[in-house]
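Report on the structure given below.
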Amino acid sequence: VYHEHIIINKSVSLIGTSRNSTIIDAGFNKTAVKILASEVKISNLTIKNGGGGKNDALIFIKSKKNKIQNCSVAYSRNGILIRGNGNKIQNCTIYENGEGVIIKANKNEIKNCIFYKNGMGIGLYDSSENKIEGCEAHTNGIGMYLEKSSKNEIEGCSVYKNSGNEGGIFLISSDSNKIGNTTLHHNVWSLRLVDCVGNSVSNCYISKSRFGIKMENCRANKIYRCNILHNRYGISLEKCNLDKINFNNIEGNHMYGIYAKFSFSNARYNYWGAMIGPKGKGDRLTTLASKVSYIPWLLKPLNLKEVEIKEESKKYKQSEPSIYVGSNVSNMQLNDWDPLVDLKLSVHILRIRNIDVKEENFFASVDINGKEKESGIWNGFDVQPRWKATQNIPDDKENIPIVIKIWKKGLIKKLCLQVDLVYNLERGEWFGCDYLGDDDGYGHVLEGEYELWFDVSFNDYDGDGLTYWEETFLYHTNPKINDSGKDFDNDGIPIEWEDKWGYNPFIYENHAKLDPDKDGIENIEEWETSRWLSDPYRKDIFIEVDHMAAKNKFSKPYVLPEKSKEMLNTAFARHNIMLHIDDGCMGGGEEIPYKERITYNETNEIYWRYFLHNSTQNPRKGIFHYVLLCSYSATTRGGHSFQAWDNLDSFVLAVQYIRNWRIKERDREISMASLFMHELGHNLGLFEYTFDGIDNESCNALWLKGWWVYANYKSCLNYRYSFSLIDYSDGTHGRNDFDDWDNIDLTFFQNSSYYV
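Heads up: the sequence shown runs through residues 204 to 959, numbered per this note's numbering.
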């Protein structure tokens, strides 16, 4: 392994023994190999661990006629960045990069390469006459992306199982490109064109996607001699003119063979799955304010070569070990449970939340060993008072009773929540209505209309939180010396956290792998996020939410309303999942400069700049999901999830789109929360291939079949309810319902694979 950064300014060959044994490691910093000279050859290497800067790459080519072959290129902001003409990339495996290959030049060739788990497999920008041949792209956010690029060729490729909310090949503002002999399947849209002119798609096999081909604002494109089979929409046209769709097999598409909206196109000489054309048993041709010519049609299918559908060889599954937590409490009795101090016990009220999001006056009372103390009056629906009640307790009493009550203030006070506990001075733990390892969290109770977070502590002499009994008889540490922050077993976590959560701080445990609650946040990350009330035995979801600035001084910034956050908190709390939304309270919540609409590429750039801060080692990666609130996104709807690197951990909400559809503030709050939860569902592994009622366009309007077929599927993932319902379904509503809650995968954002 060579830990170095290389600049090549002469025409040389850099040849390894094999890519398994010859490795260049850039140490997660900057560019690994920069090629300034022409006619350089690099082969048989693995190049990995580049930086996260916009121009950082594992291979940066700034010259002409270079050749890269038989290399593995992994883990960087950019895999291979090409800014010179006439270069060749062959037989390479390119994975786990923000973008696998970026081309900003002309006449380059990418041949027989495999791209997987990149934000974008291949990206072409302002480029022409490049050729992509014989390549395979799967489990990327977008397989291949062309922006403002022309006269390029994609030939003989296989593009499949890319992001469950993005797609296969995407062209935007790109003209006169050719796509031929390519297999596209199991993508949200296998092929999408926006603002494109004069492209041709021929001899392709396009199947088993939500949209086989989706075209918007396009003109004079050609689709011919393709098999377009078993998609929801075979071809979707919106505001398209003079496009030609001829000599194709358009068959077995579930909703429409062709759906045209405000479009004028030629769809003659196609086979529609039946002799009688696009009606009856044939695929439907449906138009809205459109003219699509389809007569004459073919009476039998064209004998088009079926390209073999490849399946990926890699599986991305991860299993987590479990742990056993023992109490280790002895029967020893002491006359003084801490002879170093006169014992006092404190109950800390950390947070109180009304789950119905009602702003009310309320207060707390705390009884410790028969002595009660009341708080002042608080007002709101989510209050963090940081109030505590402290009482002297008998030094010789091992178990101290505690009663915490939350009262609603009024002419007659009303008891809303009561927690009965017993605090054990031997181990510094409590049990009763709340206990270590319970499903809704230690120091957390949800009862009736209120949710409470609390902690219990005592006046420890040395301040490390370990009891006198533990230090003297169990750990054999000095009760007069503060041991907090010390990691005696060198497993990465200090003694006080391990003691609180039932681990032995003198026995090494692999906390980087342990995840007892299976929420994807391993113990070492639970410790790092403990200041935000995470719990290793109760599921947590962390989400950073950044927002776009207001358009002008007369408009509002695109932020998530407070009540939307609270409604989301409630939906998850009812299923013992704590949602942690960071819109500034945990270091996130940054403001993005205003732009009316952002493209897929710009969305990814924002992810790297504002979420990862241009670092491939940002510790938030793998703990936090990322959400961008903007004006309008790359789609025509209210939002979409996106994969800007190796896994689907992000989504965007188009707030202006939502505001346009909902005028009243209360309706906007509900819609924002509903769509937020909808897109988060994709980050948790729920897609149309999980259940057919998810993201089903036939559920959009009451005159469509799916509106009625999936009426019992009471979920925000159902388009019928995605503006009004803030919940996933539990599968109890009857026929054609589905249990979302039982099928969510909280680890999916760390290990995403699609259509499995």
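Every residue, glycine too, gets a C-beta built ideally from N, C-alpha and C.
For clarity, every value in this text was computed on a predicted model and none was experimentally measured.
- [ ] Check whether the stretch 266-277 touches the stretch 234-246, counting contact only when three or more Cβ pairs, one atom from each stretch, lie closer than 8 Å.
- [x] yes
TODO: Classify Tyr-711 as buried or exposed, calling it buried when 16 or more other Cβ atoms lie within 10 Å of its own Cβ.
DONE: What you label residue 711 is simply residue 508 of the sequence shown in a count that begins at 1. So Tyr-711 ends up on the exposed side.
- [ ] Can you give me the start and stop residues for the beta strand (DSSP E) that Gln-293 sits inside?
- [x] Translated into the one-based positions of the sequence shown, residue 293 becomes position 90. Note, Gln-293: beta strand (DSSP E), 291-293.
Open item on the list: Which same chain residues end up closer than 8 Å to Tyr-474 when comparing Cβ atoms and leaving out the 5 residues on each side of it in sequence?
Closed with: The residue given as residue 474 occupies position 271 in the sequence shown. So the qualifying residues of the chain are Asn-451, Asn-452, Ile-453, Glu-454, Trp-500, Leu-501, Leu-502, Lys-503, Pro-504, Leu-505.
Open item on the list: At the level of alpha carbons, what is the spacing between Val-560 and Asp-545?
Closed with: Here residue 560 is taken as the residue at index 357 of the sequence shown, counted from 1. Here residue 545 is taken as the residue at index 342 of the sequence shown, counted from 1. Each residue's alpha carbon lies about 42 Å from the other.
Task: Among Glu-731, Ile-580, Lys-689, Tyr-957, the one whose alpha carbon lies nearest that of Phe-827 - done: By 1-based counting over the sequence shown, the position of residue 827 is 624. Minimum Cα distance to Phe-827 is reached at Glu-731.
TODO: Flag this pair as touching only if the stretch 850-863 and the stretch 890-903 have three or more C-beta atom pairs under 8 Å; answer yes or no.
DONE: no
Open item on the list: I'd like to check one pair, Pro-481 with Leu-491: are the Cβ atoms closer than 9 Å?
Closed with: Numbered from 1 along the sequence shown, position 288 holds the residue referred to as residue 491. Numbered from 1 along the sequence shown, position 278 holds the residue referred to as residue 481. No, these two residues do not count as a Cβ contact at 9 Å.
TODO: Apply the 10 Å Cβ neighbour rule to Ile-250 and answer buried if 16 or more other Cβ atoms are within range, or exposed otherwise.
DONE: As a first step, residue 250 is located in the sequence shown; it is residue number 47 there, counting from the start. The residue is buried, with at least 16 neighbouring Cβ atoms inside 10 Å.
TODO: Select from Glu-699, Asn-681, Lys-683 the residue whose C-alpha is nearest the C-alpha of Lys-689.
DONE: To locate residue 689, count along the sequence shown from 1; it is residue 486. Of the candidates Glu-699, Asn-681, Lys-683, the one whose C-alpha sits nearest the C-alpha of Lys-689 is Glu-699.
Task: alpha helix (DSSP H) runs wholly inside the stretch 658-709, at least 4 long, in chain order - done: 698-703
Task: Residue interval of the alpha helix (DSSP H) (run including Gly-884) - done: The residue labelled residue 884 in the question sits at position 681 within the sequence shown. Counting along the chain, the alpha helix (DSSP H) containing Gly-884 begins and ends at 868-886.
TODO: Can you check DSSP and say which residues form a bridge with Val-606?
DONE: Position 403 of the sequence shown holds residue 606. Its beta-bridge partners are Asp-570, Asp-623.
TODO: Examine the Cβ distances between the stretch 908-920 and the stretch 947-959 and report whether three or more of them are shorter than 8 Å.
DONE: no
TODO: Look at Tyr-957 and Thr-342 and say whether their C-beta atoms are less than 9 Å apart.
DONE: Translated into the one-based positions of the sequence shown, residue 957 becomes position 754. Translated into the one-based positions of the sequence shown, residue 342 becomes position 139. Going by C-beta atoms, Tyr-957 is nearer than 9 Å to Thr-342.
Open item on the list: At the level of alpha carbons, what is the spacing between Val-204 and Leu-248?
Closed with: For this step, residue 204 is matched to residue 1 along the sequence shown. For this step, residue 248 is matched to residue 45 along the sequence shown. Rounded to whole angstroms, Val-204 to Leu-248 spans 10 Å at the Cα level.
TODO: List the endpoints of the continuous beta strand (DSSP E) containing Ala-256.
DONE: The residue labelled residue 256 in the question sits at position 53 within the sequence shown. Going by the sequence as given, residue 256 is Gly instead of Ala. It is not in any beta strand (DSSP E) - Gly-256 carries neither H nor E in the DSSP assignment.
- [ ] Assuming Ser-279 and Asn-300 form a contact by the criterion Cβ under 8 Å, report the distance between their Cβ atoms to the nearest whole angstrom.
- [x] For the purposes of this step, residue 279 is identified with residue 76 of the sequence shown, where counting begins at 1. For the purposes of this step, residue 300 is identified with residue 97 of the sequence shown, where counting begins at 1. Going by Cβ atoms, the distance from Ser-279 to Asn-300 rounds to 5 Å, so yes, they are a contact pair.
Task: Straight-line Cα distance separating Asn-946 from Asn-939 - done: Position 736 of the sequence shown holds residue 939. Position 743 of the sequence shown holds residue 946. Using only the alpha carbons, I get a separation of about 15 Å.
Open item on the list: Spatial neighbours of Asp-686 within its chain, please: C-beta separation below 6 Å, excluding the five flanking residues on both sides.
Closed with: Counted from its first residue, the sequence shown places residue 686 at position 483. Excluding sequence neighbours, Asp-686 sits near Asp-667, Thr-680, Ile-698.
Task: Cβ-based neighbour list, His-206, same chain, cut-off 7 Å, excluding 5 preceding and 5 following - done: Counting from 1 along the sequence shown, the entry for residue 206 is found at position 3. Closer than 7 Å at Cβ, skipping near neighbours: Asp-228, Gly-230.
Open item on the list: So, with DSSP's three-state summary, where would you put Gln-846?
Closed with: Counting from 1 along the sequence shown, the entry for residue 846 is found at position 643. Residue state, collapsed to three classes: coil.
Task: Touch test, the stretch 778-786 against the stretch 848-856, Cβ-Cβ under 8 Å, three pairs minimum - done: no
- [ ] State buried or exposed for His-714, treating a residue as buried only when at least 16 other CB atoms are found within 10 Å of its CB.
- [x] Against the sequence shown, residue 714 aligns to sequence position 511. Classification for His-714: buried.
Open item on the list: Checking 9 Å against the spacing of the C-beta atoms, do Ile-345 and Ile-382 come in under that value?
Closed with: Numbered from its first residue, the sequence shown carries residue 345 at position 142. Numbered from its first residue, the sequence shown carries residue 382 at position 179. Their beta carbons are not under 9 Å apart, which means Ile-345 does not touch Ile-382 by this criterion.
Task: Three-state class that DSSP yields for Ser-956 in the structure shown - done: Mapped onto the sequence shown, residue 956 falls at position 753. DSSP places Ser-956 in coil when its eight states are reduced to three.
Task: Alpha-carbon spacing of Leu-763 relative to Lys-364, whole angstroms - done: As a first step, residue 763 must be located in the sequence shown, where it is residue number 560. As a first step, residue 364 must be located in the sequence shown, where it is residue number 161. If you take the alpha carbons of Leu-763 and Lys-364, they lie about 32 Å apart.
Open item on the list: Taking contact to mean 3 or more Cβ pairs, one atom from each stretch, closer than 8 Å, check whether the stretch 764-775 and the stretch 925-935 are in contact.
Closed with: yes
Task: Distance CB(Cys-619)-CB(Phe-657) smaller than 9 Å - done: If you number the sequence shown from 1, residue 619 lands on position 416. If you number the sequence shown from 1, residue 657 lands on position 454. Going by C-beta atoms, Cys-619 is not nearer than 9 Å to Phe-657.
Open item on the list: Any contact between the stretch 433-444 and the stretch 403-418? By contact I mean 3 or more CB pairs, one from each, below 8 Å.
Closed with: yes
Open item on the list: DSSP three-state label for Thr-593, please.
Closed with: For the purposes of this step, residue 593 is taken as residue 390 along the sequence shown, with counting starting at 1. Three-state DSSP puts Thr-593 in a strand.
Task: Top-ranked residue by Cα proximity to Asn-315, from Cys-360, Ile-325, Tyr-740, Ser-275 - done: Within the sequence shown, the letter at position 112 stands for residue 315. Considering only alpha carbons, the answer is Cys-360.
Open item on the list: Per DSSP, what are the beta-bridge partners of Ser-275 in this structure?
Closed with: Here residue 275 refers to the residue found at position 72 of the sequence shown. For Ser-275, which the question treats as bridged, DSSP gives the partners Thr-249, Thr-296.
Task: is_contact[Met-789, chain B] using C-beta, thresh 9 Å - done: Within the model displayed, chain B is absent; a lone protein chain is all it includes.
- [ ] Look up Trp-656 in the DSSP assignment and say whether it is helix, strand or coil.
- [x] The sequence position of residue 656 within the sequence shown is 453, counting from 1. The answer is strand: DSSP assigns Trp-656 an E or B state.
- [ ] Measure how close the beta-carbons of Ile-609 and Ile-571 come, nearest whole angstrom, since I'm counting them as under 8 Å.
- [x] On the sequence shown, residue 609 is found 406 positions in, with the first residue counted as 1. On the sequence shown, residue 571 is found 368 positions in, with the first residue counted as 1. Actually they do not touch by this definition, with Cβ atoms about 16 Å apart.
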